[in-house]
Amino acid sequence: MAKAIMLPTDSDTAEACSSRRPQDALLCDMELPYREILYPLGYPVEIITNDKVVLQAAKESFGHGRLSRASETLRIRVGVSNAGGSACPSEPTRREFNHLYSLVADINNQALLDLRSSINFTWVTSAAVNHRIYFRYNFLEKAVYLLLGASVVTDLHAACVSKSGKGILLIGDSGAGKSTLAYACARAGWTYTSDDTSYLINDSEVPRVIGHAHRARFRPSAKELFPELERFGPTPRLEGKPSIEVAISDLPVEKTATEANVDIIVYLNRNSSAEGRLIRLPNGTATQRASRELFSAGEIRAKHERILETLFDIPTYELQYCDLSGGILALDTLLRDK
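Every number in the numbering used here is 39 more than the matching position in the sequence shown, counting from 1.
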């Protein structure tokens, strides 16, 4: 007896075809039902995603912030898929053309940002998100700070401390001691704003920066200078450098401020034979050096260069110093003379 063959109906065929639409591979219709507004650098940022773990990571990165700056809400969209295995992806490769920016770790973990319009989307795997520090540093925080940096702030590789209402930017090459000197000042009663990155507020009437006053980051060797760091283990950073990240609330620091005016700029030159000597530098030094160090291109770079002109007339010095006590003494003397 011949076996009956069931032929698909028109409705079955239509359903099968619709479930295999070519655009499905684009993940363009991914639903993002979870959202929360947080305040990195005091600006409103809404995280929109299909995975609650992304919101947990966002709270770890930005949950310390409070609304302090009125601006249009920045929206960060993160879609999570189950593609790939459980291994942590590699560090993303970064590319920029004018106002277009990409972060690409592999075919399943990448982000595309339009720095002009702030339109963005990040596609990552569950494995990437579950490696929480990797995801926060390489995708979530990178997207947020790149877009804020293209719209409302200009980032500087500088620490910031203040005393008697006067703010000092501490700038120097890697290893010059920005983080350790800023923290040493804070331990000595100064007000702490930032350890190695300060964000110049673009629309401020006077040069003013925002910092990550809630935490401090050190190289492991800082334990030799500050015994209170001994109980803290290393935390991997975005660039892969070993570091120790500590909440300021866990350290002997009494005064913090998320914002500070820039009244003085000091370039650090640490060497074994220096004794806390200050050398006045020509006006415009900070603008020229900061412009050379910009990690941006095209119209975004041109915008940052215009913002950096606000530093042109800020009194700028080079501090040649050997140890932290000599550095603090020189900065105290500088403020007394102003």
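Cβ atoms here follow ideal geometry from the backbone N, Cα and C, with glycine treated the same way.
Asked                                                                                                                                                                    : Found
Just the C-alpha distance for Leu277 and Val305, rounded to the nearest angstrom, thanks.                                                                                : The pLDDT assigned to Leu277 is 47, lower than 50, so where the model puts this residue is not dependable; a value taken from the coordinates is nonetheless given after this. The straight-line gap from Cα to Cα measures roughly 26 Å.
Report yes or no: do three or more beta-carbon pairs, one from the stretch 101–114 and one from the stretch 183–201, lie closer than 8 Å?                                : yes
According to DSSP, is Leu65 part of a helix, a strand, or is it coil?                                                                                                    : helix
Would you kindly report the start and end of the unbroken alpha helix (DSSP H) that includes Tyr184?                                                                     : 180–190
Apart from the five residues just before and just after Phe257, which ones in its own chain have a Cβ nearer than 6 Å to its Cβ?                                         : Ser218, Ile283
Quick check: what's the CA-CA separation for Arg134 versus Leu142?                                                                                                       : 7 Å
In the DSSP assignment, find the unbroken beta strand (DSSP E) run with Thr230 in it and report its ends.                                                                : 230–233
Taking the continuous alpha helix (DSSP H) assigned at Val305, which residues delimit it?                                                                                : Premise fails: Val305 lies in the beta strand (DSSP E), 303–309, not in any alpha helix (DSSP H).
How about Ala144 and Pro128: are their beta carbons less than 7 Å apart?                                                                                                 : yes
Would Ile249 and Tyr231 be called neighbours here (beta carbons separated by less than 7 Å)?                                                                             : no
Whose C-alpha, out of Tyr176, His138, Thr88, Ile87, is nearest the C-alpha of Glu130?                                                                                    : Tyr176
Enumerate in chain order the residues of its own chain whose CB-to-CB distance from Val183 is below 7 Å, with the five nearest sequence positions on each side excluded. : Pro79, Val84, Ile115
Based on the DSSP output, what are the partners of Thr161 in its beta bridges?                                                                                           : Val117, Ala150
Could you compute how far the alpha carbon of His253 sits from the alpha carbon of Leu66?                                                                                : 37 Å
Do Trp162 and Gly124 have their CB atoms nearer than 7 Å?                                                                                                                : no
Which of the three DSSP states is assigned to Arg226 in this structure?                                                                                                  : helix
Does the stretch 293–302 come within contact of the stretch 204–223, defined as at least 3 CB pairs closer than 8 Å?                                                     : yes
Nearest to Arg316 by CA position, among Leu368, Asn147, Pro291, is which residue?                                                                                        : Leu368
Where DSSP assigns a beta bridge to Val361, which residues make up the other side?                                                                                       : Per the sequence shown, the amino acid found at residue 361 is Cys instead of Val. The partner list for Cys361 (beta bridge, DSSP) is empty, contrary to what the question assumes.
Please report the distance separating the alpha-carbon of Ala126 from that of Glu180.                                                                                    : 21 Å
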